[in-house]
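For reference, the structure is listed below as structure tokens.
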Amino acid sequence: MNKKLAAILTLGALSSVALAGPIEEQIRFRQSAYSYLSWNTAKIKAQAADHPETFNKDQVIAAANAIAAVANSGLLDLYGPGTEVGTGWKPTRLKPEFFEKQDEVKEIDATFIKEANELQKVAATGDVAAIKSQFGKVGATCKSCHDLIRVRE
Amino acid sequence: MKVTVHIWDWPLRVFHWLLVVAVVGAYATGKLGGELTDWHGRLGSLVLGLLVFRLIWGFIGTTHARFSSFFPTFSRVRAYLKGEWQGPGHNPIGAFAVFALLAALIVLVATGLFANDDIAFEGPLFNLIDKDLSDKLSGWHALVINLLLGLVALHVAAIVFYQRVKKTNLVLPMLTGKKQLPRDLQSAAISRVGVLRIALTVLIAISVVWGVWRGDFANYLSPQASYQVDNTHKT
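Okay, here's the thing in structure tokens:
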């Protein structure tokens, strides 16, 4: 490998570490992000899918905004080199293959962002059936990533 | 000279084909995820009901539906391996497959009831246990699917083998209930299905599924869990 490229790559790796902090911190931040997501997805699931009689437009809009914000926050920055092993709030369940499957990972991330943005738009209309359907699409992107790079318990 | 003998009762046949639909549907919806995950839960509950039905029917159903009539005992397996076994219903090796399939499905349903997908699905009994255990059971659920796929492949391969090599159609009898058998097995024909027996079995199966979904079991086993169930209405 030529020296310049190596230097750039090293610098790139270092700067992403500098942005997101040490390994344990990156893991803790990303676990927190998903934990916060789950609070918001649970609200939409409860109010738009399981118990539509409890639908509260403001809460659902707030939840959809939060989901879109997390999706657009650059989550992949929290997956720096070496973060396949380590403990944040609890040990990470990232598969080491994550780093070899970057193309798929980036595609899933882009789809997640797209569907989350769409959910934000649909939520604003207050159309419960449409929210439920779009929420399903967001959930499918979560699953595609879990299936690809998450260790099963 | 062969004669047509009625060996599979109608509830057994309905059970079999509903199970095919439920398992294929549950597998597909489980793979696809998203909005279909709710259907995965519903189809899983159908499998639960069907399993409850089958386990009871294995004791009070008609002759060849009973576990005791085809349980692969040592002597039956030995006779079969020597080529001396003859019978109208499941042969001893097929019986292994039946019990293995039932066992795999029982594990899948049992783990699925407590499972979660960390996205937007929680099994109807999820609140009875803590999240870590649910995560573990969800992992087992995904693993046992591979076992089920293997058993289903074996089951289908055996049927193709009987069709192609032994020239015996096993699918038609599972549809009509009637099988071509040697004349000396004519007495194997089953009697009519008792109305009370089938009604009772179906009633119990439906009650179990109903109890699981309404949360009656959850409330009975852990009254505090009902607090969590109610809370989801308010969030």
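First to last, the protein sequences are chains A and B. Residue 112 in the numbering used here is what sits at position 112 of the first sequence, and the numbering runs on without skipping anything. Just add 1000 to wherever you are in the second sequence, counting from 1, and you've got the numbering used here. No residue lacks a Cβ here, since even glycine has one placed at the ideal position from N, Cα and C.
From residue i to residue j, what does the alpha carbon distance come to, in whole angstroms?
i       : j       : result
B:N1146 : B:V1152 : 10 angstroms
A:T54   : A:A140  : 24 angstroms
B:G1123 : B:L1185 : 46 angstroms
B:L1113 : A:W89   : 27 angstroms
B:F1053 : B:I1204 : 8 angstroms
A:P52   : B:R1013 : 38 angstroms
B:V1229 : B:V1024 : Since pLDDT at B:V1229 reaches only 48, below the 50 mark, its modelled position is unreliable, and the value read off the structure follows with that caveat. Rounded to the nearest angstrom, the two C-alpha atoms are 30 angstroms apart.
B:G1215 : B:R1197 : 27 angstroms
B:S1138 : A:I23   : 28 angstroms
A:K114  : A:I27   : 24 angstroms
B:L1108 : B:M1001 : 44 angstroms
B:I1190 : B:P1088 : 11 angstroms
B:T1235 : A:I61   : Unreliable placement is indicated for B:T1235, whose pLDDT of 41 sits below 50; the coordinate value is still reported in the next sentence. Distance between the alpha carbons of B:T1235 and A:I61 is about 14 angstroms.
A:P96   : A:G21   : 20 angstroms
A:E153  : B:K1136 : 5 angstroms
A:D147  : A:D103  : 15 angstroms
B:G1044 : B:F1096 : 23 angstroms
B:L1032 : B:T1004 : 43 angstroms
A:L94   : A:V151  : 6 angstroms
B:F1059 : A:S73   : 59 angstroms
B:R1042 : B:V1077 : 38 angstroms
B:T1239 : A:L76   : The structure shown does not extend to residue 1239 of chain B, since chain B is modelled only from 1001 to 1235, so the question has no answer here.
B:T1232 : A:K43   : Because the pLDDT of B:T1232 is 48, which lies under 50, any placement of that residue in the model is unreliable, and the number read from its coordinates should be weighed accordingly. Going from the Cα of B:T1232 to the Cα of A:K43 covers about 8 angstroms.
B:F1126 : B:A1157 : 36 angstroms
B:H1155 : B:L1101 : 9 angstroms
A:P91   : A:A33   : 15 angstroms
B:V1021 : A:K101  : 35 angstroms
A:G187  : A:Y36   : What is shown of chain A runs 1 to 153, which leaves residue 187 of chain A out entirely.
B:V1212 : B:A1218 : 7 angstroms
If distances are taken between C-alpha atoms only, which option among the options comes closest to residue i?
i       : options                               : result
B:V1208 : B:W1008, B:L1036 and B:L1051          : B:L1051
B:D1128 : B:L1081, B:N1116 and B:R1078          : It should be pointed out that residue 1128 of chain B corresponds to Leu in this sequence rather than to Asp. Selected option, being the one with the closest Cα: B:N1116.
A:A71   : A:D147, A:L119, A:Q59 and A:Q102      : A:L119
A:A69   : A:Q102, A:A116 and A:S35              : A:A116
B:A982  : B:I1056, B:G1025 and B:W1017          : Given a span of 1001 to 1235 for chain B in the structure shown, any question on residue 982 of chain B remains unanswerable.
B:V1193 : B:T1004, B:P1011 and B:V1005          : B:P1011
B:S1075 : B:Q1086, B:A1065 and B:R1066          : B:Q1086
A:A63   : A:L94, A:S38 and A:E25                : A:S38
B:I1106 : B:P1072, B:A1026, B:T1037 and B:L1048 : B:L1048
B:I1119 : A:G80, A:P81 and A:I67                : A:I67
A:I108  : A:E25, A:T41 and A:K143               : A:K143
B:P1173 : B:R1042, B:H1064 and B:H1040          : B:H1064
A:T125  : A:V105, A:N56 and A:A42               : A:N56
B:L1090 : B:S1068, B:A1103 and B:K1082          : The sequence as given places His at residue 1090 of chain B; Leu does not occur at that position. Ranking B:S1068, B:A1103 and B:K1082 by Cα distance to B:H1090 puts B:S1068 first.
B:E1035 : A:S35, A:E25, A:F98 and A:T41         : A:T41
B:A1104 : B:W1213, B:Y1220, B:K1178 and B:L1143 : B:L1143
A:T111  : A:K45, A:A48, A:E25 and A:C145        : A:C145
Within the continuous beta strand (DSSP E) that includes residue i, where are the two ends?
i       : result
B:K1179 : K1178 to P1182
B:T1004 : K1002 to H1006
Along the chain, where does the alpha helix (DSSP H) containing residue i start, and where does it finish?
i       : result
B:K1082 : Looking at the DSSP string, B:K1082 is not in any alpha helix (DSSP H), and its letter there is neither H nor E.
A:T41   : I23 to I44
B:P1011 : W1010 to L1032
B:G1044 : T1037 to I1060
B:F1071 : Taken as a continuous stretch (DSSP letters only), B:F1071 belongs to no alpha helix (DSSP H), as it is neither H nor E.
A:A129  : V128 to I149
- Of all the alpha helix (DSSP H) runs that stay within the bounds of the region 1092–1127 of chain B, which reach a length of 4 or more residues? 1092–1114
Meets three-Cβ-pair contact criterion under 8 angstroms: the region 1166–1186 of chain B and the region 1132–1149 of chain B: no
Can you give, in chain order, each stretch of the alpha helix (DSSP H) that sits fully within the region 1154–1220 of chain B and has at least 4 residues? 1171–1176 and 1195–1214
Entirely enclosed alpha helix (DSSP H) segments - the region 48–105 of chain A, minimum 4 residues | 57–71
Q.
Quick test of the definition: if touching needs 3 or more C-beta pairs under 8 angstroms, does the region 125–133 of chain A touch the region 1157–1166 of chain B?
A. no
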